[in-house]
DNA sequence: GCTTCGACCTATAACGTTCTAGGCGTTCTT
DNA sequence: AAGAACGCCTAGAACGTTATAGGTCGAAGC
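Residue numbers (the UniProt record's numbering), protein chains in the order written: chain A, 1 to 363; chain B, 1 to 363.
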């Protein structure tokens, strides 16, 4: 009902609660932290007073006083869907361990340096960086000051911890699956210089070797749907045309699927497609993409526990790099090859009765 | 080269810098804040000492001492792509005004209450909530303590500021565009109880009225691709079949597009589709969705300036709700209707030479 | 030559919390 | 029965910073 609050009420402090409960300030602190040192009767009284005043602890004062801030800084890309899953996992893992998260986003107008700098000011005890692009030397410098853990990017450094998916093994799962279905001409659309892309290329090559398939076909791709669309056109032009393809990630695979469908190439009838990430995209029932799932929950749990171990002064483990096995999620974009259904390359006439959309003016 | 740093070096404080520069602590503070009260020579000396020690101000101590924390709390959904755009905009707007952002994410395992509670502990001066689902009474309670601004959701309250897109006007732009192209049977796939959905339904009805089109067709939709896919099937079954459809958002529209293409309905030949959000999805060249763009930059700039005005004690403006006009981005999913190309409803046989993907086992 | 002033600097006290040291009573040892 | 041990509580200091109130010193004013 206050039309315009002339003066905002000062927030209640420990002193206010102490005065109201008729005890000393430190005792209120003891009660609020649930540490031993107060009788049950007093606890009751203090908590009641705190409730009545709407007391909320001031985390800044708390952190200033106690050397431990119980704060883990997290740098993430606000645009990247998978980072959303990781942040979710980090929250629950940190929460379970009694730590808080300080989020700092990388945006088109805010680079990683700034994101990290703001976390440093906040007196985080440790840093978790999701898919950072900072040079290794920068990361090493940071690691001098505090534990630094990198997720989803291999880092050649003895001072930085790494938790990442076993990218090579993931692609191998995909190739194994396709080979078991009977495919022998399997292509790979790669991710260029993206984190993990090199590993996935290697996994593809090794898996083909293992199955005795020697006609590897690696097409330049990328991270986006557009990259996938472009790669798909090259894929269709390849001769002999592959019957299956593993794609760097789900976004890129979506672009591949779109072009295939538009060109009248049935999926999975004429072309099986496997993605990577198990993003929400892949799970959509109308996409239903067979894909390699990164175990975000294990990755984040491990990241947090590793960082905390480091904070607790545990000695560095033998391997600074933890590699998490992914698993394959089979949906509807993979099936045995059907040579009988092969049609001549090129767009299917009936499906193009309507004009193909032109490139958008604002592309 | 230190294999295992036995003791992490304590962070440099003002006192350390003061000792090294041979001056008092407050003077160092004066220099670091760039406020008058020190000679140029001393400034030089102090800054040099700070540099050598790698001094970084402790934002916690700073905020504790000065009543102003210069901190704006932001609650956002880590899964929602458009929130990413908003967060980006908020960062630059806050930065320009000399404020910091404290991010708190809503995740599947972390609801809005918790997200808000953690920001309250951080002693933010104000709160910006992106598309919150908290009940109005909760929002009003918060607004008692501090300025609260809600983005992208209409709130019926006299104490909460709101900045949002003019949803009704956005759909009207879409309908105007379609009507100008010559469409007369225009359907709308709605967003159910999602924020803004009611406004967009209203805009759709009003626009149809304005163009003298009386056969409104509103199909239940939702926020996701799956919702769009389901709605698209109902759309195709409608008789007479509409030649154009406006969809609640881009994600949902993507599901619509997918079903249309799969069923052999050419876009935009037989069906024009307009989305809402201008998300990165819509911009993909192989999607090229005509869509209503929300002006994230203006929304965020306005949100920040409004919140800061409130902090500066400026009187409440007449309207607590600021409504931002959206604009239409025409891409390739809209064109004049082509009755000549109409085919009987139902899947096009040739396009189904391969089996349609079954619903994924993991849905 | 005494004030007045301004430029520069310092001492001290906060901010809200937690840590350390202790002070009482009561109960357990021996 | 004296001391140790414990449970409960308080006083005072500390965390790193900034706000307030001076203090010193040379120059300017009369």
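Note that the Cβ used here is the ideal one computed from N, Cα and C, for glycine as well.
As the structure is a prediction and not an experimental result, all values here were calculated from the model.
Keeping to the same chain, check which residues put their C-beta closer than 6 Å to that of residue 181 of chain A; ignore five residues upstream and five downstream.
-> 336
Residues, ordered as in the chain, of the stretch 42 to 69 of chain A that lie near chain B by beta-carbon distance below 7 Å | 56, 57, 58, 59, 60, 61, 63 and 64
Report the residue from B:11, B:290 and B:45 whose alpha carbon sits nearest the alpha carbon of residue 57 of chain B.
-> B:11
Listed by chain order, chain B residues near residue 118 of chain A by CB distance under 9 Å | 59, 100 and 101
8 Å Cβ cutoff, residue 105 of chain A in contact with chain B | yes
Looking at the structure shown, is residue 346 of chain B part of a helix, part of a strand, or coil, going by DSSP?
-> With a pLDDT of only 41 at residue 346 of chain B, under 50, the local geometry of the prediction cannot be trusted, and no value is derived from it.
Any non-hydrogen atom of the ligand MG within 7 Å of residue 329 of chain A CB | What this structure holds is no ligand at all, so the ligand MG is not there to describe.
Per-residue burial, residue 141 of chain A [other beta carbons within 10 Å of its own, 16 or more giving buried] = exposed
Is residue 177 of chain B helix, strand or coil when you go by DSSP?
-> helix
If we ignore side chains and look at the alpha-carbon of each, how far apart do residue 211 of chain B and residue 179 of chain B end up?
-> 7 Å
Span of the alpha helix (DSSP H) holding residue 325 of chain A?
-> Element bounds for residue 325 of chain A: n/a, residue is neither H nor E.
With 8 Å as the threshold, decide whether the Cβ of residue 78 of chain A is near any Cβ in chain B.
-> yes
Is the beta carbon of residue 229 of chain B sitting closer than 8 Å to the one on residue 220 of chain B?
-> no
Paired residues, beta bridge with residue 188 of chain B - DSSP = B:218 and B:246
When the Cα atoms are used, what is the spatial distance from residue 168 of chain B to residue 205 of chain B?
-> 9 Å
Using a Cβ cut-off of 8 Å (strictly closer), state whether residue 225 of chain B contacts chain A.
-> yes
Short check: CB of residue 148 of chain B to CB of residue 129 of chain B, under 8 Å?
-> yes
Within-8 Å CB hit, residue 123 of chain B to chain A | yes
Cβ shell of residue 156 of chain B (< 7 Å), same chain only, five flanking positions each side left out | 136
Residue ranges of each alpha helix (DSSP H) run of no fewer than 4 residues wholly in the stretch 81 to 158 of chain A, ordered along the chain?
-> 81 to 96, 112 to 121 and 136 to 145
Could you name the residues of the stretch 284 to 296 of chain B whose beta carbon sits closer than 7 Å to any beta carbon of chain A, in the order they occur along the chain?
-> 284, 285, 286 and 288
How far does the alpha helix (DSSP H) with residue 27 of chain A in it reach, from first residue to last?
-> 25 to 33
Using a Cβ-Cβ distance under 8 Å, would residue 258 of chain A count as near chain B?
-> yes
Is the stretch 72 to 80 of chain B touching the stretch 101 to 108 of chain B, taking contact as three or more C-beta pairs under 8 Å?
-> yes
Between residue 91 of chain B and chain A, is there a C-beta pair that is closer than 8 Å?
-> yes
Determine the direct distance from the alpha carbon of residue 146 of chain A to that of residue 308 of chain A, and round the result to whole angstroms.
-> 11 Å
Pull up the distance between the alpha-carbon of residue 186 of chain A and that of residue 202 of chain A, whole angstroms please.
-> 14 Å
Neighbouring residues, chain A, relative to residue 87 of chain B (Cβ below 7 Å) = 78, 105 and 107
Which residue or residues does DSSP assign as beta-bridge partners of residue 164 of chain A?
-> A:323
Proximity of residue 151 of chain A and residue 303 of chain A at Cβ, strictly below 8 Å | yes
List the residues of chain B that residue 229 of chain A touches, going by C-beta distances under 9 Å, in chain order.
-> 284, 285 and 286
Check whether the Cβ of residue 84 of chain B lies closer than 8 Å to any Cβ atom in chain A.
-> yes
Residue 89 of chain B and residue 297 of chain B: beta carbons closer than 8 Å?
-> yes
Inter-residue spacing [alpha-carbon to alpha-carbon] between residue 275 of chain A and residue 286 of chain B = 18 Å
DSSP state of residue 293 of chain B, grouped into three classes?
-> strand
Along chain B, in chain order, which residues have C-beta atoms closer than 8 Å to that of residue 255 of chain A?
-> 284 and 286
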